[in-house]
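Novice: So the sequence shown is numbered by UniProt numbering: it starts at 1 and just counts up by one. Glycine is no exception: its CB is placed at the ideal position from the N, C-alpha and C atoms.
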Amino acid sequence: MSPQASPNQVPPAPAAPQAQPGAAARTTVALPTQVADQLARIEDKASRIEDKYARSEALLARVEDRVEAAGARMNEAARQADLAALRGEVRALSERTRGLPGMGALLLTAVITAVLTVALTLVAQRLNLQGLIPLR
């Protein structure tokens, strides 16, 4: 016969280390179904983990959006508070400046001061009070 296997003969499977001849026969027969079951369980577990990860990612995206929206609202509130404080300061400044004399009062004061200065200088010259007038 030739070195090739005849059609009636099955080539031998690679031998695994055997502890007991009876156990090895059970292991080789049950191994493919156990491996397939274990792979199926691993796939199921991996898909559940992927689903949990996707849900967690979606939840984190929603939380991030809410935090950004809250931050925007806080910034807007801070801006409103700053504007309110600025309005208050402008109001206080305008109240303080309302008490100051206006342009007409300042012009009248300047005219009165000039007239009084000239009048007092003439009085001092007529009364010979030259010592009151400083020399230049």
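1) In the DSSP assignment, find the unbroken alpha helix (DSSP H) run with R136 in it and report its ends.
2) Measuring straight from C-alpha to C-alpha, what distance separates A85 and P101?
3) Which of the three DSSP states, helix, strand or coil, is assigned to N75?
4) State yes or no: is the C-beta of A92 nearer than 7 Å to some heavy atom of the ligand ATP?
5) Quick check on DSSP: helix, strand or coil for P101?
6) To the nearest angstrom, how far is it from the Cα of G104 to the Cα of L120?
7) Straight-line CA distance for L116 to L108?
8) Between the alpha carbons of V90 and L129, how many angstroms are there, rounded?
9) May I ask you to report which of helix, strand or coil DSSP gives L86?
Specialist: Working from what's here:
1) For R136, there is no enclosing alpha helix (DSSP H), as DSSP gives it neither H nor E.
2) Roughly 27 Å between the two C-alpha positions.
3) N75: helix per DSSP, three-state reduction.
4) Absence of the ligand ATP from the depicted structure is noted, as is the absence of any ligand whatsoever, leaving it without description.
5) P101 falls in the coil class under three-state DSSP.
6) Across the structure, G104 and L120 are spaced so that their CA atoms are roughly 24 Å apart.
7) Taking the CA atoms as reference points, L116 sits about 12 Å from L108.
8) Taking the CA atoms as reference points, V90 sits about 52 Å from L129.
9) Per DSSP, reduced to three states, the secondary structure at L86 is helical.
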